[in-house]
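> Protein chains in written order, with numbering that gives the first Met the number 0: chain R, 0 to 249; chain L, 0 to 348.
Think of the CB as a built atom: it goes at the ideal place given N, C-alpha and C, for glycine as much as any other residue.
Since this is a predicted model, take the numbers as computed values, not measurements.
Just passing along the structure, written as structure tokens.
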Amino acid sequence: MAALLEAREIVKRFGGLVAVNELSLHVEPGTVNALIGPNGAGKSTLFKMLSGEVRPTSGEIFFKGARLTGMNATEVCRRGISKSYQTTQIFPNFTVIENIAIPALANLRGSFRLDPFRRMRGVRGLADLVGGVLRSMGLEERAETRAGDLAYGEKRRLEIGLALATRPDLLLLDEPTAGMSPEESKSTVELIKELRKNVTIVVVEHDMDVVFELADRITVMHEGRKIAEGPPSEIRVHPAVREAYLGGTL
Amino acid sequence: MMLRAIGDRSTWRVELAVAVFLIAFPWVFPIIGGYANLATRILILGLFGIGMDLIFGYTGMLSFGQAAFYGTGGFVTAYLLSTGMLHNTLGALAAGTIAAACCGMIIGYLCLRQSGVYFAMLTLAFGEVFYFLENSPLAKWTGGENGLPGLPKPVIPLGFTTLHVQSNLALYYFVAILFFVGYWVARRIVRSPMGAVLRAILENPARAAAVGHNVPKYKLAVFTIAAAYAGIAGGLLGIFQGYMPPDAFSIDQSGEIIIMTIIGGAGTLIGPLVGAGLWSYLREALQNLHGVGAFWKLILGLLFIVLVTLFRRGITGGITDSIGLFRVRRRTAAAHVEEAPAVSGEVQP
């Protein structure tokens, strides 16, 4: 099958440090792909290159067959890749519904439009899109709450909701369950399982239970390199992975 | 489900209240020692401040160079009217406003390559450049240090008749009408989808960009709009005084409009008018007070410190927040009464 996203030997150097070293990635449509590795393995840097926040030192990224390398985050988002952040990046003084409206407006109006005399209700499809995202994130009850006042788990769901409201073809989730209680983590996994019906997902995650439950394919990184790749059953028993990362604890 | 304008739930009642205030102001103001010309001056600064508020209070860009556009609008308007090239006051105002907006677009394009403090410093530098240009190389047209005198009273051809605005009160209402239009337009802007994006840029610019909004373009657009507001206000200043002063371009002018916006309440649109009113009225009152007059700047400075410390969103913000708080308390109190049984039912397993 043709890849939705393809990274070819991308490298990112920060001064003398090679954060990501000649890494290639192949993401097929409709799949959930997990990216694991110890701290400092380069997962977040790789994510930032895929989302357009950081420009690779060398290598190429292709999305839906078109070259993505060199585009900024706004352009990458317009092409259909959206990222939910590890540290929550919401609009704290907006209500939940207003938060979701911001990415929805980008999706419905384009990246720039001079419409100072249009009213919010004049944006066709806005209420439907925002309502749909609220429902799938389970935040309907909290629609009128100020985002800064949400509970931690709710903020994390809103964070994913912001990415989702851009209607991406590829959703990048950076540690979606970080800092969550086991119950919250469990409900987030259920939520991601629902999302995967409509969108391709790449997820960075530290919780191995979450990874093995969700992923169709796992990529293991260590010191900027890809050391293993395959379905969960293979990764679980992969000797190099056990040594480098799992420490034989599985 | 309702999707209202972001951060602003108020309706046409606000416009109505502002209109009533504008009509009544010159009649009520004399009670505390004000007069029509002071009221007009306050409205002009309030209009200038609406632009400042759009960039600062709604988008989070602090410009120290707004006087450049105030001066540009003022001098273009004054030049056209004082030389007799144009007799229609509104036409000259429109020309001044367009000139200021064009300058705003160019300066904005150059300054917006930076953000935060560096953006502020660039606007400061351009403000100084414009002051210098007015004073020296362009003195042939601007009158240099002397400014441009001899602006006629407003003449407005309406087709069937021509209005001649003569008295101070008539001049006040001429400015008040333009202020109201400017205020109404700004209200539409901040309540539009574009306004929602501007507020998102204020709240979290990186995320606004990451979800697909072209942040630099929106910033340039609102900077240009703010320059247009400064331009029309500058034009009105010249028409109102019959004379266009060179210090409209000064750094003091840029600083004052920031102070007025902040003490009045940034992010409220009406705040700059409140700030301008307080500032201008106290200046007059203090200067005329025996034994205090010499210290008016000191007193205003202390007042500025107290207001900024007490009200993070200025006077207007302080007032609307307390009204909002009152409403929320009432609502939550009601909600507690209604939901009490359901909550206790949940607690018991």
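Between which two residues does the alpha helix (DSSP H) carrying residue 350 of chain L extend?
Only positions 0 to 348 of chain L appear in this structure, which leaves residue 350 of chain L out of reach.
> Taking all protein chains shown into account, do 16 or more other C-beta atoms lie within 10 angstroms of the C-beta of residue 242 of chain R, making it buried, or fewer, making it exposed?
Exposed: under 16 other Cβ atoms inside 10 Å.
> Could you check how far apart the C-beta atoms of residue 259 of chain L and residue 247 of chain L are, in whole angstroms? I think they sit under 8 angstroms.
Actually they do not touch by this definition, with Cβ atoms about 15 angstroms apart.
> Determine which residues of the region 30-48 of chain R have a Cβ less than 7 angstroms from any Cβ of chain L, and write them out in chain order.
Flagged: no residues at all.
> If you reduce the DSSP assignment to three classes, tell me which class residue 196 of chain R lands in.
If DSSP states are grouped into helix, strand and coil, residue 196 of chain R belongs with coil.
> List, in order along the chain, the chain R residues whose C-beta lies closer than 7 angstroms to that of residue 60 of chain L?
Per Cβ cutoff of 7 angstroms: no residues; residue 60 of chain L is ~17 angstroms from chain R at best.
> Please confirm if residue 154 of chain R has its CB atom under 8 angstroms from at least one CB of chain L.
Judged by the 8 angstroms Cβ criterion, residue 154 of chain R is not in contact with chain L.
> Assuming residue 41 of chain L and residue 279 of chain L are in contact, meaning their beta carbons sit under 8 angstroms apart, how far apart are those beta carbons, in whole angstroms?
The pair is a contact, with the Cβ atoms about 5 angstroms apart (cut-off 8 angstroms).
> For the pair the region 49-69 of chain R and the region 148-156 of chain R, tell me if three or more CB-CB distances fall below 8 angstroms.
With a cut-off of 8 angstroms, the region 148-156 of chain R and the region 49-69 of chain R do not count as touching, because too few Cβ pairs lie within range.
> Could you give the distance in angstroms between the alpha-carbon of residue 54 of chain L and the alpha-carbon of residue 68 of chain L?
If you take the alpha carbons of residue 54 of chain L and residue 68 of chain L, they lie about 14 angstroms apart.
> Along the region 104-136 of chain R, what residues have a CB closer than 9 angstroms to any CB found in chain L?
The region 104-136 of chain R vs chain L, Cβ under 9 angstroms: 104, 105, 106, 107, 108, 109, 110, 111, 112, 113, 114, 115, 116, 117, 118, 119, 120, 121, 122, 125, 126, 129, 130, 133.
> Quick test of your reading: residue 59 of chain R and residue 7 of chain R, contact by CB under 8 angstroms. State the CB separation rounded to the nearest angstrom.
At roughly 5 angstroms, the Cβ-Cβ gap stays under 8 angstroms, so residue 59 of chain R and residue 7 of chain R are in contact.
> Residues of chain R with CB under 8 angstroms from residue 311 of chain L, in chain order?
Result: empty, since nearest Cβ-Cβ is about 12 angstroms, beyond 8 angstroms.
> Whole alpha helix (DSSP H) runs in the region 122-173 of chain R with 4 or more residues, listed along the chain?
The region 122-173 of chain R contains these whole alpha helix (DSSP H) runs: 125-135, 151-163.
> Who are residue 220 of chain R's beta bridge partners in DSSP?
DSSP lists R/225 as partners of residue 220 of chain R.
> Candidates L/12, L/239, L/47, L/184: which alpha carbon is nearest residue 169 of chain L's?
Minimum Cα distance to residue 169 of chain L is reached at L/239.
> Closest Cβ-Cβ distance between residue 192 of chain L and chain R: below 8 angstroms?
Yes, its Cβ sits closer than 8 angstroms to a Cβ of chain R.
> Expressed to the nearest angstrom, what Euclidean distance is found between the alpha-carbon atoms of residue 96 of chain L and residue 120 of chain L?
Their Cα atoms are separated by approximately 24 angstroms.
> Closer than 8 angstroms, Cβ to Cβ, to anything on chain R: give me those residues from the region 197-222 of chain L, in chain order.
The residues in question are 198, 199, 202, 203, 205, 206, 207, 208, 209, 210, 211, 212, 213, 214, 216, 217, 220.
> Could you say which of L/24, L/110, L/321, L/220 lies nearest to residue 38 of chain L if we only look at CA atoms?
Of L/24, L/110, L/321, L/220, the residue nearest in Cα terms is L/24.
> Alpha carbon to alpha carbon, how far is residue 44 of chain R from residue 224 of chain L? Give it in angstroms, no decimals.
Whole-angstrom Cα-Cα distance: 38 angstroms.
> Comparing alpha-carbon positions, which option in L/194, L/88, L/132 lies nearest residue 161 of chain L?
Selected option, being the one with the closest Cα: L/88.
> Checking the sheet assignment: what are the DSSP bridge partners for residue 56 of chain R?
In DSSP, residue 56 of chain R forms no bridge with anything.
> For a quick check, are the C-beta atoms of residue 70 of chain L and residue 233 of chain L less than 8 angstroms apart?
Going by C-beta atoms, residue 70 of chain L is nearer than 8 angstroms to residue 233 of chain L.
> When Cβ atoms are compared, which residues of the region 86-103 of chain R fall closer than 8 angstroms to chain L?
Flagged, chain order: 88, 89, 90, 91, 92, 93, 96, 97, 100, 101, 102.
> Check the Cβ of residue 195 of chain L against every Cβ in chain R and list those closer than 8 angstroms, keeping chain order.
Those are 97, 100, 101, 104, 119, listed as they occur along chain R.
> Run through the region 28-92 of chain R for me and flag every whole beta strand (DSSP E) of 3 or more residues, listed as ranges in chain order.
DSSP runs (the beta strand (DSSP E)) wholly in the region 28-92 of chain R: 31-35, 57-62, 80-83.
> Since residue 144 of chain R meets chain L, which of its residues come closer than 7 angstroms, beta carbon to beta carbon?
Within 7 angstroms Cβ-Cβ: nothing; residue 144 of chain R doesn't reach chain L, min ~12 angstroms.
> So, with DSSP's three-state summary, where would you put residue 202 of chain R?
Residue 202 of chain R falls in the strand class under three-state DSSP.
> When the Cβ atoms of the region 138-151 of chain L are set against those of the region 72-80 of chain L, are three or more pairs found closer than 8 angstroms?
Cβ pair count under 8 angstroms is three or more, so yes.
> 8 angstroms is my cut-off, CB to CB: does residue 188 of chain L come that close to chain C?
Reference to chain C is not applicable here, since the protein chains of this structure are R and L.
> How should residue 237 of chain R be labelled, buried or exposed, when 16 other C-beta atoms within 10 angstroms of its C-beta is the threshold for buried?
Label assigned to residue 237 of chain R: buried.
> Residue 178 of chain L lies in the alpha helix (DSSP H); which residues open and close that run?
It spans 167-190 - the alpha helix (DSSP H) in which residue 178 of chain L sits, taken as one unbroken run.
> Taking the alpha helix (DSSP H) that residue 204 of chain L falls in, what are its first and last residues?
Residues 204-209.
> On the CB-based measure, 16 or more other CB atoms within 10 Å of its CB, does residue 156 of chain L come out buried or exposed?
Result: exposed.
> Between the beta-carbon of residue 122 of chain R and the beta-carbon of residue 99 of chain R, is there less than 8 angstroms?
The answer is no: Cβ separation not under 8 angstroms.
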